[in-house]
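Chemist: I'd like to ask you about the structure that follows.
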Amino acid sequence: MHDKTVSELARDLAEGKVSSVELTRHFLNRIQQEDSRYNSFITLCEEQALADAEAADQLRARGEATPWTGIPFAHKDIFCTDGIRTTCGSRMLENFVPPYNATVTDNFRQAGAVCLGKTNMDEFAMGSSNESSYFGAVTNPWGENRVPGGSSGGSAAAVAARLVPAATATDTGGSIRQPAALCGITGLKPTYGRVSRYGMIAFASSLDQGGTMARTAEDNALMLNVMAGFDPKDSTSIDRPVPDYTASLNQPLQGLRIGLPKEYFSDQLDPAMAAQIQAAVKEYEKLGATVKDISLPNANLAIAAYYVIAPAEASANLSRFDGVRYGYRCDNPKDLMDLYTRTRAEGFGAEVKRRILVGSYALSAGYYDAYYRKAQQVRRLIQQDFINAFKEVDLIMSPTSPSPAFVRGEKTTDPVTMYLEDIFTIAVNLAGLPAMSVPAGFVNGLPVGLQIIGDYFAEARLLNAAHQFQQVTDWHLRSPV
Amino acid sequence: MQWDIVIGLEIHVQLATKSKIFSGSSTAFGAEPNTQASAVDLAMPGTLPVPNEQAFRDAVMFGLAVNAEIGRRSVFERKNYFYPDLPKGYQTTQLAEPIVGPGHVDIELADGSSKRIRIHHAHLEEDAGKSLHEDFHGMSGIDLNRAGTPLIEVVTEPDMRSAEEAVAFAKKLHSLVTSLGICDGDMSQGSMRFDVNISLRPKGQDAYGTRTETKNLNSFRFMEQAIHHEVERQMDILESGGTIIQETRLYNGDRNESRSMRSKEEANDYRYFPCPDLLPVVLDEDYIESVRQRMPELPDARRARFKAQYGLNDYDASLLSADTSLANLFESTASHGKDAKLAANWILGEFSARLNSEEKKVAEAPVSGEHLGALVLRIADNTLSSSGAKKVFEALWSGEGHSVDAIIDAQGLKQVSDTGALEQIVDDVLAGMADQIAQYREADEKKRKKLMGGFMGPLMKASKGQGNPKLFTEILQRKLEG
Numbered sequence: 000m001h002d003k004t005v006s007e008l009a010r011d012l013a014e015g016k017v018s019s020v021e022l023t024r025h026f027l028n029r030i031q032q033e034d035s036r037y038n039s040f041i042t043l044c045e046e047q048a049l050a051d052a053e054a055a056d057q058l059r060a061r062g063e064a065t066p067w068t069g070i071p072f073a074h075k076d077i078f079c080t081d082g083i084r085t086t087c088g089s090r091m092l093e094n095f096v097p098p099y100n101a102t103v104t105d106n107f108r109q110a111g112a113v114c115l116g117k118t119n120m121d122e123f124a125m126g127s128s129n130e131s132s133y134f135g136a137v138t139n140p141w142g143e144n145r146v147p148g149g150s151s152g153g154s155a156a157a158v159a160a161r162l163v164p165a166a167t168a169t170d171t172g173g174s175i176r177q178p179a180a181l182c183g184i185t186g187l188k189p190t191y192g193r194v195s196r197y198g199m200i201a202f203a204s205s206l207d208q209g210g211t212m213a214r215t216a217e218d219n220a221l222m223l224n225v226m227a228g229f230d231p232k233d234s235t236s237i238d239r240p241v242p243d244y245t246a247s248l249n250q251p252l253q254g255l256r257i258g259l260p261k262e263y264f265s266d267q268l269d270p271a272m273a274a275q276i277q278a279a280v281k282e283y284e285k286l287g288a289t290v291k292d293i294s295l296p297n298a299n300l301a302i303a304a305y306y307v308i309a310p311a312e313a314s315a316n317l318s319r320f321d322g323v324r325y326g327y328r329c330d331n332p333k334d335l336m337d338l339y340t341r342t343r344a345e346g347f348g349a350e351v352k353r354r355i356l357v358g359s360y361a362l363s364a365g366y367y368d369a370y371y372r373k374a375q376q377v378r379r380l381i382q383q384d385f386i387n388a389f390k391e392v393d394l395i396m397s398p399t400s401p402s403p404a405f406v407r408g409e410k411t412t413d414p415v416t417m418y419l420e421d422i423f424t425i426a427v428n429l430a431g432l433p434a435m436s437v438p439a440g441f442v443n444g445l446p447v448g449l450q451i452i453g454d455y456f457a458e459a460r461l462l463n464a465a466h467q468f469q470q471v472t473d474w475h476l477r478s479p480v
Numbered sequence: 000m001q002w003d004i005v006i007g008l009e010i011h012v013q014l015a016t017k018s019k020i021f022s023g024s025s026t027a028f029g030a031e032p033n034t035q036a037s038a039v040d041l042a043m044p045g046t047l048p049v050p051n052e053q054a055f056r057d058a059v060m061f062g063l064a065v066n067a068e069i070g071r072r073s074v075f076e077r078k079n080y081f082y083p084d085l086p087k088g089y090q091t092t093q094l095a096e097p098i099v100g101p102g103h104v105d106i107e108l109a110d111g112s113s114k115r116i117r118i119h120h121a122h123l124e125e126d127a128g129k130s131l132h133e134d135f136h137g138m139s140g141i142d143l144n145r146a147g148t149p150l151i152e153v154v155t156e157p158d159m160r161s162a163e164e165a166v167a168f169a170k171k172l173h174s175l176v177t178s179l180g181i182c183d184g185d186m187s188q189g190s191m192r193f194d195v196n197i198s199l200r201p202k203g204q205d206a207y208g209t210r211t212e213t214k215n216l217n218s219f220r221f222m223e224q225a226i227h228h229e230v231e232r233q234m235d236i237l238e239s240g241g242t243i244i245q246e247t248r249l250y251n252g253d254r255n256e257s258r259s260m261r262s263k264e265e266a267n268d269y270r271y272f273p274c275p276d277l278l279p280v281v282l283d284e285d286y287i288e289s290v291r292q293r294m295p296e297l298p299d300a301r302r303a304r305f306k307a308q309y310g311l312n313d314y315d316a317s318l319l320s321a322d323t324s325l326a327n328l329f330e331s332t333a334s335h336g337k338d339a340k341l342a343a344n345w346i347l348g349e350f351s352a353r354l355n356s357e358e359k360k361v362a363e364a365p366v367s368g369e370h371l372g373a374l375v376l377r378i379a380d381n382t383l384s385s386s387g388a389k390k391v392f393e394a395l396w397s398g399e400g401h402s403v404d405a406i407i408d409a410q411g412l413k414q415v416s417d418t419g420a421l422e423q424i425v426d427d428v429l430a431g432m433a434d435q436i437a438q439y440r441e442a443d444e445k446k447r448k449k450l451m452g453g454f455m456g457p458l459m460k461a462s463k464g465q466g467n468p469k470l471f472t473e474i475l476q477r478k479l480e481g
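Chains as they are written, first to last, in numbering that gives the first Met the number 0: chain C, 0 to 480; chain S, 0 to 481.
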């Protein structure tokens, strides 16, 4: 049962082959039995899940079911869930129970989906290996000592290990695509503004975007149907009609123009990785697409610009965690300054503190122009690179990550090595574009992800391209369990 | 040495919007602590700001009223600092691209001259909450009801040269924002708060001296006192060869003393940057024009109209036009009472004195323009003497009666103006006052005026207070001279 996709489970539910309560029990049991190996969940909400499943079954009995009614899934622990603790992977919010839902949480509740729990993640979504979580590292189901990627490592591992058929995730610099690649699943980061950020705990507001993780492109489309849309509670969300993302999945790819940025296929790329990506591109040619080399001349500046802008925004976004109103508070503060400094010193982990310091520095008097303003200028150049590229091609393809899942601890000593994990994904966030990672082969028994980047609001086209690829390949069906 | 005083003001104007600038919480004053603070106001994780359109409309209206350029594009920034009553750890405000650009306001001075004060800019921002340091046994209480209340911060150029000018500007601004209806103007509740930048320079010198900023003055009187106090403090330092330290100071109005809050060196680096949760706000010409169309009459225009329409003198017109509710009361009184000058006298005299002594606002007064108009009508047609009119006003104010005519009847205040009847009374009274009549006839012009009072008292007494004093005087004069 746990090998089935969301669309298959929806069919089984519709045909009465299984009830939502049975499905929910099955997946909850699996999590309880298996997750000690992966540590992909921070919080399980069994009671709520079973109650929701029962309600879903009743709804179905009344003939009021919709595609998501009774489908179990999980939320990354960055989405606020009313009455269920939401930690963002941090000691700071270890006991934080929000009195409100994120808009994404509300959307899934309204769709009748059954949330089984909250998945592990890098602390405040800062990391590319899920090693910065206060609740412990997550293990990649494809290798006992391998990282699942990050920051949505818990969601990716849970989907790969068949603990849930789908999970929400967020992507600020690659946090959906890179873990999806490393865990051999399919993930989509939508256009900035497509999915509401309300109730999604902010890391870098101008880059954060909620998105989807599942095993197939089709399931990603089903998820996006629920998540996408304008939200009056988020001033940066975009008021634009939401198409049915499943409607165009089967369109042929004849005439699709694919661009390969030469900057992303340099000599430094691991030849084994390059071979897998080229093989995937070949499949697209077989499906009728044309391929050309393109250039994103400022791509090499993306990491530097990102590591100014994202920490700068984070330094302000994380100021609210001060021990005054909610969250962690140090014991026996002797005065206000002591309350602030010890609460934040004890409540935040090393990577979060590093980024707050970097961001504060970049914004401080005398450095703003050299760092923050310059980074914003670079950001516009990078955006323009993509706008130019999309005049010539429909989709851009590249590897999602420079290498497959690495060994735990391998990159934690040097933050910059870790930051380079996102070398192919970060520019997409700076430009605000939608992009996916699709399973595209294996290197040394570890999954490789193909990144597909689309033009603004081209999610339907991305999903169509990914789905067509998955009709002729079976990488996404390979299971580590 | 002779010194020039240089003053610039920063004024926080609390906008009278129903809800907060970035959340739907109420802005009403005086609620139980923390009952008007939503998840957004508490800066709960993941919550986001949504701008209140009314605050923009109010700010644009203010900009138009001070002849300013309206920012076609305005950008909210984050001003970062830690304080327990600042829930997000940053204040959302505007810096590089404010909604209101350079403008100006003309003030009138006591000598009748007018002076132009330039406005550097005005920006929209959110207020912080309140820290309460009493009643918590060595701890502090935080009330976030005020957090997120919309403010316009108005920043002037250093154009004022005396406390008088600064106060005149502050009053003018108060009159403007209350007339626009964008601020309730209630200083005691912090609806307008003034920060005063003061520096001295030797007369004739162009360069400004080092300035200090005195923060959070919430009455015109405190502001005036604080300026005098700070000018003297700086003068003492400079004249004894010292130098002024650039610093922020707090003034204690009850003790008329100030203390340093922080020096420039201790000042925060606020690390401003554009708020990524809020998009730049772009206003087009149509929008600005639609706000202009809805602007109420401004005090200066109203003053000119009062002079032209009602024939008021400049002084009365100025007093009556500065405050919208007073101006409305005047117009209502004048329309019911027919005599605009008499209406003005009563509103600026008896009515205003009564308001002040009871510390009431115009809206809280128990008498309406209709009441006052009816009163004015009865004064103008000689039904009431001035003392009778005061009695009627008293009855109206205390709620003893609501109809002027009914009060006049009930209290027997109708003035006797029948000259035959009055002459009879004069004759009767004078018959018993031979000595006084002789004294009067011997006296010179000046002394005679004084002696008149000696006759009027008995006359009013004999007429039970109802004789028309003006007619009595005429008849009396004729008889005494004759």
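Idealized CB from N, CA, C, for every residue including glycine.
This structure is a prediction, so every number in the text was calculated from the model and none was measured.
#1: Please go through the same chain and pick out, in chain order, the residues whose beta-carbon is closer than 6 angstroms to the beta-carbon of S/Lys463, but skip the five residues on each side of it.
#2: Take every Cβ of the segment 57-64 of chain C, pair it with every Cβ of the segment 95-107 of chain C, and state whether three or more of those distances are shorter than 8 angstroms.
#3: Using the rule of at least 16 other Cβ atoms within 10 Å of the residue's Cβ for burial, across every protein chain shown, is C/Met226 buried or exposed?
#4: Per DSSP, what kind of secondary structure is C/Asp292 in: helix, strand or coil?
#5: Rank C/Leu335, C/Ala50, C/Leu92 by C-alpha distance to the C-alpha of C/Val113 and give the top, closest one.
#6: Examine the Cβ distances between the segment 374-388 of chain C and the segment 426-437 of chain C and report whether three or more of them are shorter than 8 angstroms.
#7: Quick one: Cα of S/Thr46 to Cα of S/Glu163, how far?
#8: Note down, in chain order, every chain S residue with its Cβ under 7 angstroms from the Cβ of C/Met125.
#9: Check whether the Cβ atoms of C/Val163 and C/Gly152 sit closer than 7 angstroms, and answer yes or no.
#10: Please list the residues of the segment 84-107 of chain S that have a C-beta atom closer than 7 angstroms to any C-beta atom in chain C, keeping them in chain order.
#11: Along the alpha helix (DSSP H) that carries S/His119, what are the first and last residues, could you check?
#12: Can you give me the C-alpha to C-alpha distance between S/Glu441 and S/Lys448, rounded to a whole angstrom?
#13: Check the Cβ-Cβ distances between C/Ala315 and every residue of chain S, and say whether any is below 7 angstroms.
#14: Please state the DSSP three-state secondary structure of C/Gln469.
#15: Please report the Cβ distance between C/His466 and C/Ala216, rounded to the nearest whole angstrom; I am assuming they are in contact, meaning their Cβ atoms lie under 8 angstroms.
#16: Taking only beta carbons into account, state which residues of the segment 187-212 of chain C come closer than 8 angstroms to chain S, listed in chain order.
#17: In or out: C/Ser265 buried (at least 16 other Cβ within 10 Å) or exposed?
#18: How far does the alpha helix (DSSP H) with S/His173 in it reach, from first residue to last?
#19: In terms of residue numbering, what span does the alpha helix (DSSP H) encompassing C/Asp384 cover?
#20: When you compare the CB of C/Ser151 with every CB in chain S, is at least one pair closer than 7 angstroms?
#21: Give the range of the alpha helix (DSSP H) segment to which S/Arg353 is assigned.
#22: Could you tell me the alpha carbon to alpha carbon distance between C/Ala315 and S/Asn79, rounded to whole angstroms?
#23: Within 10 angstroms of the Cβ of C/Leu462, are there 16 or more other Cβ atoms? Answer buried if so, exposed if not.
#24: Could you check if C/Asp454 is buried or exposed, using at least 16 other CB atoms within 10 Å of its CB as the buried criterion?
#25: What residue range does the alpha helix (DSSP H) around S/Gly372 cover?
#26: Between S/Met0, S/Ile406, S/Gly453, which lies nearest to S/Leu383 when the distance is taken from Cα to Cα?
#27: Is there contact here, the segment 54-67 of chain S with the segment 140-158 of chain S, by at least three beta-carbon pairs under 8 angstroms?
#28: Could you have a look at C/Phe78 and say whether DSSP puts it in helix, strand or coil?
#29: Check for me: the beta strand (DSSP E) holding C/Leu115 runs from which residue to which?
#30: Tell me where the beta strand (DSSP E) around S/His335 begins and ends.
#31: Just the C-alpha distance for C/Ser35 and C/Thr411, rounded to the nearest angstrom, thanks.
#32: Does the Cβ-Cβ distance between S/Lys263 and S/Gln292 come in under 7 angstroms?
#33: What's the C-alpha gap between C/Asn428 and C/Asp207?
#34: Give the secondary structure of C/Ile175 by DSSP, where H, G and I count as helix, E and B as strand, and everything else as coil.
#35: What does DSSP give as the partner residue(s) for S/Pro149 in the beta ladder?
#36: Below 8 angstroms, can you find three or more Cβ-Cβ pairs linking the segment 288-302 of chain S to the segment 331-347 of chain S?
Modeler: Answer, in terms of the structure:
#1: Once the five neighbours on either side are set aside, S/Lys463 has no close Cβ partner at all.
#2: No, because fewer than three Cβ pairs between the segment 57-64 of chain C and the segment 95-107 of chain C fall closer than 8 angstroms, the two stretches do not touch.
#3: Buried is the call here.
#4: In this structure, DSSP gives C/Asp292 an extended state, which the three-state scheme calls strand.
#5: Checked all of C/Leu335, C/Ala50, C/Leu92; the closest Cα to C/Val113 is C/Ala50.
#6: In the pairwise beta carbon analysis, the segment 374-388 of chain C is classified as touching the segment 426-437 of chain C: at least three pairs are separated by under 8 angstroms.
#7: Distance between the alpha carbons of S/Thr46 and S/Glu163 is about 46 angstroms.
#8: What C/Met125 touches in chain S: nothing, since even the nearest Cβ is about 15 angstroms away.
#9: Not a contact, by the Cβ cut-off of 7 angstroms.
#10: Cβ contacts with chain C come from Pro86, Lys87, Gly88, Tyr89.
#11: Premise fails: S/His119 lies in the beta strand (DSSP E), 113-125, not in any alpha helix (DSSP H).
#12: If you take the alpha carbons of S/Glu441 and S/Lys448, they lie about 13 angstroms apart.
#13: Judged by the 7 angstroms Cβ criterion, C/Ala315 is in contact with chain S.
#14: Of the three classes helix, strand and coil, the one that applies to C/Gln469 here is helix, per DSSP.
#15: The C-beta distance from C/His466 to C/Ala216 rounds to 4 angstroms, short enough to fall under 8 angstroms.
#16: Residues of the segment 187-212 of chain C with a C-beta atom less than 8 angstroms from some C-beta of chain S are Arg196, Tyr197, Gly198, Met199, Ile200, Ala201, Ala203, Ser204, Ser205, listed in chain order.
#17: The residue in question, C/Ser265, is exposed, as its Cβ has fewer than 16 Cβ neighbours within 10 Å.
#18: In the DSSP assignment, S/His173 falls within the alpha helix (DSSP H) that extends over 162-179.
#19: Per DSSP, the continuous alpha helix (DSSP H) segment holding C/Asp384 begins and ends at 373-388.
#20: For C/Ser151, the answer is no, since every Cβ of chain S falls outside 7 angstroms of its Cβ.
#21: It spans 351-356 - the alpha helix (DSSP H) in which S/Arg353 sits, taken as one unbroken run.
#22: Pairing C/Ala315 with S/Asn79, the inter-Cα distance amounts to about 7 angstroms.
#23: A buried status is given to C/Leu462, since no fewer than 16 other beta-carbon atoms sit within 10 Å of its beta-carbon.
#24: By the neighbour-count criterion, in which a residue is buried when 16 or more other Cβ atoms sit within 10 angstroms of its Cβ, C/Asp454 is buried.
#25: Its alpha helix (DSSP H) spans residues 368-379.
#26: Nearest to S/Leu383 by alpha-carbon distance, out of S/Met0, S/Ile406, S/Gly453, is S/Ile406.
#27: Contact holds: three or more Cβ-Cβ distances are below 8 angstroms.
#28: When secondary structure is reduced to three states using DSSP, C/Phe78 falls in the strand class.
#29: Counting along the chain, C/Leu115 sits inside the beta strand (DSSP E) bounded by residues 113-118.
#30: Not the beta strand (DSSP E): S/His335 falls in the alpha helix (DSSP H), residues 323-336.
#31: C-alpha separation (whole angstroms): 23 angstroms.
#32: In this structure, S/Lys263 lies away from S/Gln292, with their beta-carbon atoms at least 7 angstroms apart.
#33: C-alpha separation (whole angstroms): 8 angstroms.
#34: In this structure, DSSP gives C/Ile175 a state outside helix and strand, which the three-state scheme calls coil.
#35: Residue pairing by DSSP places S/Pro149 opposite S/Glu125 in a beta bridge.
#36: Under the 8 angstroms Cβ criterion, the segment 288-302 of chain S does not count as touching the segment 331-347 of chain S, having fewer than three qualifying pairs.
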